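The structure appears right after this line, and notes come after that.
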Amino acid sequence: MIQDIKPHQFNNEFKHKTPKKDDYLLIFKDDSLMMNRSNDSLNFTKFGQITELNPNITDETIYLFSVDETSIFCTFESVQKTEKFEYCKIDSLRSVLPSWMLYIVATANHLASWYSTNKFCGRCAVPMEFSKTERALCCPKCGLIRYPHINPAVIIGIIDNDKILLTRYADRPYKKLSLVAGYTEIGETLEDTINREVMEEVGLKVKNIQYYKSQPWAFSESLLMGFFAELDGLSDVKIDNKELSEATWYRREEISECESTISLTNEMIELFRNNKINNYDICEI
Ligand SMILES: [Zn+2]
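Numbering (the numbering used here), first residue to last: 1 to 285.
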């Protein structure tokens, strides 16, 4: 999955750091990231490359995390660029970067987006300040503290004996087969979310809910939690046409091998297709 970047080591411990010339400085603008193109390969921009043209950028950088010995920073200042640098749509990078680089892009973009949309206090509108002790933004006037925003969401593999319910979204660019999924609402347990989403999207009930794995999915600023559950009662699907264009029971042999291995959804579909669900430690809840 996207977060499995070994042998690289991801370290997001909160620290105060100043960038060195070989550290990456990621410059986000709208839904794009500035990349360095050389010899037909795309790489991250290094701090040293940016300071050659923008000597005052040092004060405007935010340390995000490190991968191996390289620290990753972001900035929102407008940066003077050369023809070597180009803004690339983050969605377009999904098909061209190796998965460990894509994980850096997605995670950095999630954090950078949180910093850029919390510049002012939501209660009294004064500029927020960086906490000195943790990853948080603090209001110097009213004391409001804002922590990074993550949306919890569930993915549910609904099983009926030798079949699994696969879906397609109605209104998203992603048109491949997926699983019933949805965001947790305020006041819900994860079990409540599962029961509500399954009923809302496909009009079914489930039982024997079992936890499988979780995945940070920064493209939607989410933490995804994957579960398998058994159908409880009738298998007649009542589809929510606003959310889904399809919800169909598939047998293993009717499912094609998933091309991409970065998502938890695909891993769960592959687990069913290969009849390996019972080989994993899954916890009954
Ligand atoms: Zn305030």
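Where is the CB? At the ideal position from N, CA and C, for every residue including glycine.
Fair warning: this is a prediction, and the values are worked out from it, not measured in the lab.
Return the chain-ordered list of same chain residues with a C-beta closer than 7 Å to the C-beta of residue i, the five sequence neighbours on each side being excluded.
i           : result
residue 77  : 57 and 60
residue 50  : 25, 57 and 79
residue 145 : 136 and 138
residue 64  : 72, 73, 74, 108 and 111
residue 54  : 79 and 80
residue 10  : 65 and 67
Suppose you measure from the CA of residue i to the CA of residue j; what does that come to, to the nearest Å?
i           : j           : result
residue 256 : residue 35  : 34 Å
residue 205 : residue 182 : 15 Å
residue 271 : residue 123 : 47 Å
residue 113 : residue 236 : 41 Å
residue 90  : residue 102 : 9 Å
residue 211 : residue 48  : 45 Å
residue 222 : residue 150 : 5 Å
residue 185 : residue 196 : 10 Å
residue 187 : residue 258 : 35 Å
residue 37  : residue 268 : 35 Å
residue 158 : residue 219 : 24 Å
residue 240 : residue 7   : 42 Å
residue 130 : residue 118 : 11 Å
residue 52  : residue 21  : 10 Å
residue 250 : residue 273 : 10 Å
residue 261 : residue 217 : 13 Å
residue 242 : residue 148 : 30 Å
residue 176 : residue 40  : 29 Å
residue 215 : residue 82  : 37 Å
residue 69  : residue 172 : 37 Å
On a CA-only basis, which of the options is nearest residue i? Give me that one, please.
i           : options              : result
residue 263 : 189, 86, 199 and 178 : 178
residue 275 : 168, 170 and 253     : 253
residue 198 : 94, 165, 131 and 17  : 165
residue 84  : 70, 143 and 45       : 45
residue 43  : 55, 23 and 29        : 23
residue 265 : 225, 247 and 250     : 225
residue 163 : 11, 247, 70 and 54   : 247
residue 277 : 261, 213 and 217     : 213
In its own chain, which residues sit with a C-beta less than 6 Å from the C-beta of residue i, not counting the 5 before and 5 after it?
i           : result
residue 160 : 231 and 235
residue 14  : 134 and 135
residue 238 : 203
residue 17  : 63 and 71
Flag residue i as yes when its Cβ comes closer than 7 Å to any non-hydrogen atom of ligand 1, and as no otherwise.
i           : result
residue 123 : yes
residue 180 : no
residue 126 : yes
residue 74  : no
residue 88  : no
residue 175 : no
residue 144 : yes
residue 119 : no
residue 299 : Outside the modelled stretch of the chain, which goes from 1 to 285, sits residue 299, for which no answer is possible.
Got a sec? Which residues, its chain only, sit under 8 Å from residue i by beta carbon, not counting five neighbours each side?
i           : result
residue 120 : 126, 127 and 128
residue 194 : 154, 156, 206, 209, 227 and 229
residue 141 : 121, 124 and 126
residue 31  : 89, 90 and 91
Since residue i and residue j are thought to touch, with beta carbons under 8 Å apart, how far apart are those beta carbons, to the nearest angstrom?
i           : j           : result
residue 33  : residue 87  : 7 Å
residue 2   : residue 153 : Not a contact, Cβ separation roughly 15 Å.
residue 201 : residue 244 : 6 Å
residue 27  : residue 67  : Actually they do not touch by this definition, with Cβ atoms about 17 Å apart.
residue 5   : residue 95  : Between residue 95 and residue 5 the Cβ distance is about 18 Å, and since that is not below 8 Å, they are no contact.
residue 189 : residue 180 : Not quite, the Cβ-Cβ distance comes to about 17 Å (not below 8 Å), so this is no contact.
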